[in-house]
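Numbered according to this note's numbering, the sequence shown spans residues 1 to 181.
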Amino acid sequence: KQWYQRRVRVGESQEGYLCGRCKKDSERDQEKESKQCSFPAYESVKVSPLLTVGSWKGEDVLVKCNEIYNEIIQWRRNLFKLPSGATGKAFIEEMTRIAKNFGPGNTLESVCLTLMMIMPALLLQKPSKRSKTVDHNAALKRRMGLWQEGKLTELVREGKEIQRRMEKRKYEKEHIEKVFN
């Protein structure tokens, strides 16, 4: 009540400044309902028939990219640091090109954020456990060529193979428990 009185004394309008006790039940119910359903107006994204990635066209691009994303999120982290040379610069330029297409009216609008999420996981996988920077550069250069040709299925296949080869944990859970107990 003091808060309400202070607002009125300052000279502000009295509408909208009633405390919770002063409101009628019906007003509270309407307010709860409006808070639950207050989504901003939006226009659904339309997949352009001109959208192509490799041999995929239109809606297939969106479906396939989502399938790749769902596969990648289950992979173990195995990424190398981005090289500082020409291949690293090409990677950054490609990421920037995709990011610039995230805007209304662009053909990549519906899929560009997904592409930005899957690109590092597909292109920056370490070729082997003990690979060196030279190996990383060569792998990134080759994979960038596949990416630009739209051969994402080959990149996924290679990533799955790398993940399969990754060494499992050395010790089972039971062994670790015995060591620390």
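Quick reminder that beta carbons are idealized off the backbone N, C-alpha and C, glycines included.
Query: Per DSSP, the bridge partner or partners of Leu79; Result: Gln125
Query: For Ala139, the first and last residue of its enclosing alpha helix (DSSP H); Result: 133-149
Query: Simplified DSSP assignment, three categories, for Thr87; Result: helix
Query: Alpha-carbon to alpha-carbon, Ala41 and Ala121; Result: 34 Å
Query: Presumed contact (8 Å Cβ cut-off) between Met166 and Arg76, rounded CB distance; Result: 6 Å
Query: Bridge-paired residues (DSSP) for Thr52; Result: Lys57
Query: Buried or exposed by the 16-neighbour rule on C-beta atoms within 10 Å, applied to Gln2; Result: Note that Gln2 scores 45 on pLDDT, short of 50, meaning its location in the model is unreliable; the coordinates nonetheless yield the value given after this. Its Cβ having fewer than 16 others within 10 Å, Gln2 is exposed.
Query: Endpoints, the alpha helix (DSSP H) within which Val156 is located; Result: 152-165
Query: DSSP-derived helix/strand/coil call for Leu115; Result: helix
Query: Simplified DSSP assignment, three categories, for Ala99; Result: helix
Query: Nearest-angstrom Cβ-Cβ length linking Lys126 and Phe80, presumed shorter than 8 Å; Result: 5 Å
Query: Three or more C-beta pairs below 8 Å linking the region 96-108 and the region 141-150; Result: no
Query: Assigned secondary structure, Glu109 (DSSP; H/G/I helix, E/B strand, else coil); Result: coil
Query: Cut-off 6 Å between Cβ atoms - residues of its own chain near Gly88, not counting five sequence neighbours on either side; Result: Leu82
Query: Coarse secondary structure for Ile72, derived from DSSP in three states; Result: helix
Query: For Pro120, the three-state DSSP class (helix, strand or coil); Result: helix
Query: Closest by C-alpha distance to Leu108, when choosing among Asp60, Lys160, Arg157, Gln163; Result: Asp60
Query: Distance, Thr96 Cα to His136 Cα; Result: 21 Å
Query: 8 Å Cβ shell around Met144 - same chain, five flanking residues per side excluded; Result: Thr87, Ala90, Phe91, Glu94, Leu123
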